[in-house]
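Since the structure comes first, as structure tokens, the remarks are kept for the end.
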Amino acid sequence: MKHGTKAVTAMAADSSGTRLASGSVDYMRALWDFGGMDASMRNFKTLQPCENHPIKCLQYSNTGDRILVISGSAQAKVLDRDGFKKCETVNGDRYINDQSKTKGHTLSLTSGIFMDRPTSHKALIKCKNERGLKTVPTTCSYDRYGTVIALGCIDGSIQMWDTRQAFVKPSLINKTAHGENQVISSLHYSYKGEMLSSRSCDDTLKLWDLRYFQKPLFTASDLWTRYETTDCMFSPDDSMVVTGVSLARGQTAGKALFYDTKTFDRVHETEVTDSHVIKITKLNQIFVGCGNGVITTYYDIDKSLRGAKSCALKQKNRKKNVEIMSSQQISNPHALPLFREENPKSARRQMEKDRQDAITSGRGGRVASSGSTLSSYVVRNLGLSKRVEDDQNPRDDILKYAKVAEEEPYFVTPAYKKNQPQPIFQEVVEDNDDEPMHKKPKTS
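Going letter by letter, the sequence shown gives residues 1 to 444 in the UniProt record's numbering.
As structure tokens, then:
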């Protein structure tokens, strides 16, 4: 399943196994419906719930009707099954020294577990390091009964708090569980509640016995991870622990590694993709989120139920060809011009007609061909029956009718035909420009 092009850092499946939610560092969250998908494996909805914040954690409620979204912001959001926002936690006051006096978080969130009262917290836990100063928790997990909360902190410590007691000090603590200043990316309780697995960015996977929490039972090293959200989890019978490994230099693929909880020997490894293995979600099948935006699913044909098994064998939906019924054409050559339909022209003739140059084409188009102003265009095209060209000489146009006017006079000559048959013209008087203006004789 292709989520996108960036690393898949969060995944969650509902309890019924019909839907899967995935989140990435590209701020997008995708919803997958196994009942409606086919072999193309396409999600039915993609949204950006937290603006420009990467998705760090997703979790479905027990009923599957709501999704908790933890992003890089200080506010957690609860969405419904279709991705619409239901509620949002309040933003805490970051100017108060005692953070127990404010109702919300003040810095970016790292992990979360679903709760039915999202607008205000029921209790607040303060994590402290070995020197008694504040430390930042990076992951959390409930046990099977919901009575103990396990927190992994950035100072390398794992702290466990009993919810039935006051949150004054942890009931169990190991201050050197992992390397200092190395993010603990995942904590997971066994189904029996006797063991705990922890994954850290110090390239280790550790298995703990909660009855003796001073040192780990087993440790697996050289498990390089690039992302601070790499998961680990138990199998349903607590016989194996699985985690992901990023693509190291010189290697060709990211892997999912399986360890036996009794001996901690590596019993199996699977090459997933040519990128990093980050997120692993289990629902009678294993969903592996990778660094290249791909979600790989492993399932057993006989033992797995629902999930990807229900859509993997479906054929892709073929595109339906749209059938077009051509209507019959009626030709009436003797119709009136008002109702006559033009005969369809061939595509070639229509193209040649469209490509013909306009009349007197050039700068300005038709307006410029009839004059430099709009008024000249109106006069020459609407006021005159014949257009006047700009390069036309009016004297030459008048001399065209000189011979006709001399042979067949019509206007002036017939009026003087009886009284003055011989035309008399005014004598030409030479104008002397040297004389002053007041001494010049008047000629008219």
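For every residue, glycine included, the Cβ atom is placed at its ideal position computed from N, Cα and C.
Residue burial classification, residue i (beta-carbon count within 10 angstroms, cutoff 16)
i: residue 340; result: exposed
i: residue 106; result: exposed
i: residue 378; result: exposed
i: residue 334; result: exposed
i: residue 413; result: exposed
i: residue 301; result: exposed
i: residue 493; result: A query on residue 493 cannot be resolved here, the shown segment of the chain reaching from 1 to 444 and no further.
i: residue 288; result: buried
i: residue 255; result: buried
i: residue 155; result: buried
i: residue 206; result: buried
i: residue 331; result: exposed
Check whether residue i and residue j have beta carbons under 9 Å apart
i: residue 111; j: residue 138; result: yes
i: residue 67; j: residue 56; result: no
i: residue 86; j: residue 80; result: yes
i: residue 153; j: residue 136; result: yes
i: residue 22; j: residue 29; result: yes
i: residue 292; j: residue 17; result: no
i: residue 234; j: residue 172; result: no
i: residue 303; j: residue 37; result: no
i: residue 229; j: residue 89; result: no
i: residue 295; j: residue 11; result: yes
i: residue 7; j: residue 201; result: no
i: residue 74; j: residue 108; result: yes
i: residue 253; j: residue 267; result: no
i: residue 245; j: residue 259; result: no
i: residue 270; j: residue 298; result: yes
i: residue 35; j: residue 311; result: yes
i: residue 243; j: residue 199; result: yes
i: residue 225; j: residue 239; result: no
i: residue 83; j: residue 53; result: no
i: residue 237; j: residue 221; result: no
i: residue 125; j: residue 149; result: yes
For residue i, the nearest candidate out of the options (CA to CA)
i: residue 144; options: 47, 398, 196, 419; result: 196
i: residue 308; options: 20, 8, 9; result: 20
i: residue 445; options: 232, 306, 166, 263; result: No statement about residue 445 is possible, as the shown extent of the chain runs from 1 to 444 and does not include it.
i: residue 249; options: 47, 223, 267, 236; result: 223
i: residue 78; options: 114, 331, 129; result: 114
i: residue 471; options: 24, 26, 65; result: A query on residue 471 cannot be resolved here, the shown segment of the chain reaching from 1 to 444 and no further.
i: residue 122; options: 5, 131, 101; result: 101
i: residue 445; options: 393, 160, 254; result: Here the chain has residues from 1 to 444 only, and residue 445 is not among them.
i: residue 48; options: 26, 333, 35; result: 26
i: residue 13; options: 129, 343, 286; result: 286
i: residue 193; options: 204, 208, 203; result: 208
i: residue 329; options: 338, 342, 336, 350; result: 342
i: residue 227; options: 210, 211, 247; result: 247
i: residue 1; options: 31, 104, 402, 42; result: 42
i: residue 130; options: 406, 417, 175, 352; result: 175
i: residue 128; options: 403, 170, 251; result: 170
DSSP beta-bridge partners of residue i
i: residue 10; result: 23
i: residue 234; result: 241
i: residue 254; result: 273
i: residue 208; result: 196
i: residue 152; result: 139, 158
i: residue 88; result: 77
i: residue 105; result: 91
i: residue 174; result: 158
i: residue 266; result: 259
i: residue 285; result: 299
i: residue 55; result: 71
i: residue 3; result: DSSP output for residue 3 lists no bridge partner at all.
i: residue 464; result: Because the chain is modelled from 1 through 444, residue 464 falls outside the range shown and cannot be assessed.
Contact with chain D by residue i, beta-carbon distance below 9 Å
i: residue 220; result: Within the model displayed, chain D is absent; a lone protein chain is all it includes.
**Message:** Taking contact to mean 3 or more Cβ pairs, one atom from each stretch, closer than 8 Å, check whether the segment 173 to 180 and the segment 189 to 197 are in contact.
**Reply:** no
**Message:** With three or more C-beta pairs closer than 8 Å as the rule, is the segment 51 to 65 touching the segment 95 to 104?
**Reply:** no
**Message:** Using 8 Å as the cut-off, can you tell me whether the segment 158 to 166 makes contact with the segment 216 to 232, which would need three or more C-beta pairs spanning the two stretches below that distance?
**Reply:** no
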